[in-house]
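J.: Per the numbering used here, residue 1 is the first one in the sequence shown, and the count goes up by one each step. The beta carbon of each residue, even a glycine, is placed where N, CA and C say it ideally should be.
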Amino acid sequence: MRELTEKARAEIAAAGSSAQLEQVRVRYLGRRAELPLLLRGVAQLPPEQRAEVGRQANLARRDLEALIAERMETLAVGEMQGRLAADAIDVTLPGSPTVPVGRLHVLTQTTRELEDIFLGLGFTVLEGPEVETVHYNFDALNHGKTHPARARTDTFYLSNEVVLRTHTSPMQIRAMEAHPPPLYVVIPGRVFRPDSDATHTPQFHQIEGLAVDEDITLADLKGTLLAFARAVFGDERQVRLRPHFFPFTEPSVEVDVSCFQCSGSGSMRDGSRCALCKGEGWLEVLGAGEVDPNVYSAVPDTERNAPGYDPEKVQGYAWGMGIERIAMLKHGIPDLRLYFENDLRFLGQFG
Ligand code: PHE
């Protein structure tokens, strides 16, 4: 009996888990174990032995039961703590695998940068409809009835009178209808033309500018665009205006910024031709001009806008800038289509 209980005590102490301890319990206190068999056999013993053997066996059993219960408690607490530790979730850690934070598309970044620059110069930002009427897109902007831009091959028509705007210029008219002079606004937005190749996508973005006040000349336009060019492409930039034609500006110009890669020289330090401006020293960035008096005449006088835009009293300038082009020049982006293919390897490089 002594030997048996010593062995049982040792095994109880050695049990490493509640499952192991249960096996020990069955081995020593289970229905077919030695000690219970002994207890059940007490009745068959000679009467003078019964009391002593029964007492000792009972003591041994209670002793083991108590030991097992105590050890079971210790093991269970440890096991519970182990499970809790294994299950613990720190909700303050980032999810796994870490999900990268999104960022603004490079065109949105560029648009916002341009808006900030012109806001700083005193302009207000407006937006307008992408689905536009022929009246606002062409007629009110002084396009003759046979102007080639009206062709079905150059413009998406939704009906004879409704188009997807081909430029942001229709907002010149809408802005003037809504606000009396003086007016200083920029209008970013999507525009649409049925072209598709490395340098044209059917959808692209422009930012229009319109300033109407008294005594506004091309010199004001040039100063404004110089400030823009220096903010985007660097303090040393120059701008130049070349004669051009648009139906709704007179005179009209194309505006170049001196090349920021070769500082306008057209060649690199090692004498090679500058690849960005192709040796020209200048980068074309936008079309602009003095607002044609016919455009003011297309803005009706309204109660809100009385006396309206009198071509004898107001002058102004306007420009239209391609946002894709600005971002391409600035970041060295080689192909327009990259903007719209949603390849994260491309998009992840900006911002
Ligand atoms: N709307 C013209 C274009 O898309 C650009 C422009 C705007 C030119 C304003 C002059 C004045 O090409």
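Give the DSSP-derived three-state secondary structure of residue 203 in the structure shown.
T.: Position 203 of the sequence shown, counting from 1, holds the residue named residue 203. Strand.
J.: I need the boundaries of the alpha helix (DSSP H) containing residue 38, first residue and last residue.
T.: Residue mapping note: residue 38 aligns to position 38 of the sequence shown, counting from 1. Run containing residue 38: 34-40, per the alpha helix (DSSP H) assignment.
J.: Any heavy atom of ligand 1 closer than 7 Å to the beta-carbon of residue 206?
T.: The count along the sequence shown starts at 1 and reaches residue 206 at position 206. Yes, the Cβ of residue 206 comes within 7 Å of a heavy atom of ligand 1.
J.: Using DSSP's beta-bridge definition, name the partner residues of residue 210.
T.: In the sequence shown, the residue the question calls residue 210 occupies position 210. Note: residue 210 sits in a beta bridge opposite 185, 318.
J.: How would you write the range of the beta strand (DSSP E) that residue 252 sits in, first residue to last?
T.: As a first step, residue 252 must be located in the sequence shown, where it is residue number 252. Here the beta strand (DSSP E) through residue 252 covers 249-258.
J.: Using the DSSP secondary-structure output, state which residues sit across from residue 197 in a beta bridge.
T.: Residue 197 sits at position 197 when you count from the first residue of the sequence shown. DSSP, once it has assigned bridges, lists 200 as partnering residue 197.
J.: Of the choices 39, 256, 207, whose alpha-carbon is the least far from that of residue 222?
T.: Against the sequence shown, residue 222 aligns to sequence position 222. Out of 39, 256, 207, 256 has the C-alpha closest to the C-alpha of residue 222.
J.: Helix, strand or coil for residue 164 per DSSP?
T.: For this step, residue 164 is matched to residue 164 along the sequence shown. Residue 164: strand per DSSP, three-state reduction.
J.: What is the residue span of the beta strand (DSSP E) that residue 396 lies within?
T.: Only positions 1 to 351 of the chain appear in the structure, and residue 396 is not among them; the question remains open.
J.: Using the C-alpha atoms, what's the distance from residue 284 back to residue 238?
T.: For this step, residue 238 is matched to residue 238 along the sequence shown. For this step, residue 284 is matched to residue 284 along the sequence shown. Those two C-alpha atoms are separated by around 12 Å.
J.: Is residue 110 helix, strand or coil when you go by DSSP?
T.: On the sequence shown, residue 110 is found 110 positions in, with the first residue counted as 1. Helix, per DSSP.
J.: Out of 23, 182, 199, which one is the CA nearest neighbour of residue 72?
T.: Numbered from 1 along the sequence shown, position 72 holds the residue referred to as residue 72. The option with the nearest alpha carbon to residue 72 is 23.
J.: Residue 91 by DSSP, collapsed to three states: which one?
T.: Counted from its first residue, the sequence shown places residue 91 at position 91. Coil, per DSSP.
J.: Quick one: what does DSSP say residue 125 is sitting in, helix, strand or coil?
T.: Here residue 125 corresponds to residue number 125 of the sequence shown, with the count starting at 1. Reduced to three states, the DSSP call for residue 125 is strand.
J.: Give me the DSSP bridge partner(s) of residue 157.
T.: Position 157 of the sequence shown holds residue 157. Note: residue 157 sits in a beta bridge opposite 163.
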